[in-house]
Amino acid sequence: MISENFTTKPLVEECIRLSISDIEDLDTSSHFIDLNEQVVGLTRTKCYFGSERVWFLCPACNMRIGMLYRPPLKQAFLCRHCHNLTYELRRYHRSRQESAVKAINKLRYRKI
Ligand SMILES: [Zn+2]
Numbered sequence: 002m003i004s005e006n007f008t009t010k011p012l013v014e015e016c017i018r019l020s021i022s023d024i025e026d027l028d029t030s031s032h033f034i035d036l037n038e039q040v041v042g043l044t045r046t047k048c049y050f051g052s053e054r055v056w057f058l059c060p061a062c063n064m065r066i067g068m069l070y071r072p073p074l075k076q077a078f079l080c081r082h083c084h085n086l087t088y089e090l091r092r093y094h095r096s097r098q099e100s101a102v103k104a105i106n107k108l109r110y111r112k113i
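In C-alpha cells:
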C-alpha cells in the first residue's frame, strides 16, 4: 500500500548534493574531510588492478556512500536515507500507481 507521507518526503532534486568525485585535491591518505563546519569520515575500497575508491561515511548511520545530501533549511550533509529523501520521478510514478489503484477500485465497486 502507498504510504500517506510519501508525497511529503523531501526531494533529492531540492538538495545540495556533494559527490565524492566532485572533491578536488582530496588527500588520499586522510580519514576525514572538513565540509565547512561538518567533518565527514572517509573510507576506501580496493579496486581491480591495485587502485582504490574513496567513499564518504554518512555521519548519522555510518554507511559507505558516494553522495551526500543537504536539504533546504538543514545544516548537515547526510545520506539519502537519513534525510528520508525521495526522487521526484518516483513520486510521479507513485501518484500514477495510486491513480491506477483508485480507477480499479472504482470499477470493482461500481454498481451494475
Ligand atoms: Zn545515513
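Here my numbering is used: the first residue of the sequence shown is 2, the next is one more, and so on.
Glycine included, every Cβ here is placed at the ideal spot set by N, Cα and C.
- Remark: the C-beta of residue 19 is outside contact range of ligand 1, defined as less than 7 Å to any heavy atom.
- Between residue 57 and residue 17, the C-beta gap is not smaller than 8 Å, which leaves the two residues out of contact.
- Closer than 7 Å to some heavy atom of ligand 1: that does not describe the Cβ of residue 77.
- The three-state reading of DSSP puts residue 111 in coil, since its state is none of H, G, I, E or B.
- Judged by beta-carbon spacing, residue 52 lies beyond the 8 Å limit of residue 43, meaning their Cβ atoms are not closer than that value.
- Short note on residue 32: C-beta not closer than 7 Å to any heavy atom of ligand 1.
- At a cut-off of 7 Å, the beta-carbon of residue 16 does not count as near ligand 1: no heavy atom of the ligand is closer than that.
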